[in-house]
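Take a look at the structure below.
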RNA sequence: GGAGUCGGCCAGACAGUCGCGUCACGCUCGCGUGCCGAGGAAAGUCCGGGCUCCACAGGGCAAGGUGCCAGGUAACGCCUGGGCGGCGCGAGCCGACGGAAAGUGCAACAGAGAACAGACAGCCGAACGGCAUCGCGAGAUGCGCGUGGUGAUGGUGAAACGGUGCGGUAAGAGCGCACCGCGUGCGGGGACAACGCCGCAUGGCACGGCAAACCCCACCUGGAGCAAGACCGAAUAGGGGGACCAUGAUGCUGCCCGUAUCGUCCCCGGGUUGGUUGCUCGAGUCCUGCGGUGACGCAGGACCUAGAGGAAUGACUGUCCACGACAGAACCCGGCUUACCGGCCGACUCCCUCG
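Numbering (this note's numbering), first residue to last: 21 to 146.
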């Protein structure tokens, strides 16, 4: 498996996973996204997304944002702390082109990666 | 060459890198390799079915839908052909297109008047009254003032109670007549039918419009939906079977009839979260032949063409060009409707030019 792969273990899969984040998460915002995260009891960090119909009522727009986030995430997940993340798209994301969203996400990942080693976040194994 | 009509098709291409999902194969057992991986509308959820469960008894009322005729289809509110009406020079296009002498109701604005109508302007001056002039008088002439005639002309309107001509009249009018049109009845032959054609008789001739207003007539419709439903499976215990009785509640489309469950007692084994399944081979796609005007049907052959599940089908770079629209499967089909950059093919119509 290549260093930039995206296995199922690196994603939130169950409704329970999402519910567990609620209430105990810290937040980090960027121009077009909002990240809610909390220490994970897993050996890797995991990503879940929420792109509501309020962002766009067209499925094509929502799919584009989610796919872009997935692709961006898989490139940086090795450097992130061991946390569960719920990434929520803001309504402004719909108007941005791919390059702008990509740049915005890169800044968000950088701030998240800076928390690595923070006692509140836990550390990724290996 | 230009303008247009109808039908069908395509929906950026190629290469590289990094990824995702199903399936197949391999092994060192979580990796590798290979195949395949959104649409013509996947959309709106507006109709019709399949499938599944509701214990699919049934009847009546109600409610909803459809509405020229014939055919196609699993079925339809869809499609095909035909009829009728309207639009277009034409190819063609559009139409909820049954019933208004069963009843109820509605008709804004404009206009004089809108349903057994009506006199604003105009036209007329026979009759009665009035006024003026003339006359001794009876009366005559005039005015068009009041009562009045008129539905021909103007204007209004979506719509004003057939059209043309002649007669007729004070002026007019189906008032009368001829022709045309219309209604009704009968007959003939054509078509499965809707319907159209021909002939005869008859009525002076409106029985106006709206039924996507109520309504009448004919036909059709059980309810819920894949979070349907089925199976596997640890704990507190929802569950299954039998017997009994009265009312109420609940379910079976709203209501009524009818019917089942909930209650009590006894007996028996085993149920939420999760996993598997339903889940893609189907009214399937393509080709050929035959039948049919056609929708479509029949026969033969070939093919397998997404199947996810917090939800794959993507991102980046480069090259090229016509610079890329609308837009993302969620049980599956058949339609309809709506959105859409641009391009291609075929058939046909009209106009112009040349030969």
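Positions of the beta carbon are idealized from the N, C-alpha and C atoms, including for glycine.
| field | Rounded C-alpha distance that separates residue 118 from residue 63 | value | 31 Å
| request: Identify every run of the alpha helix (DSSP H) within the region 83-146, keeping only runs that are complete inside it and at least 4 residues long; order them along the chain. | output: 118-133
| query | Beta carbon of residue 109, beta carbon of residue 52: below 8 Å? | reply | yes
| said: Using only CA atoms, which one of 130, 116, 122 lies nearest to residue 99? | reply: 130
| said: Within 10 Å of its beta-carbon, does residue 47 have 16 or more other beta-carbons around it, so buried, or fewer, so exposed? | reply: exposed
| field | Identity of the residues DSSP links to residue 26 by a beta bridge | value | Answer is none; residue 26 lacks a bridge partner.
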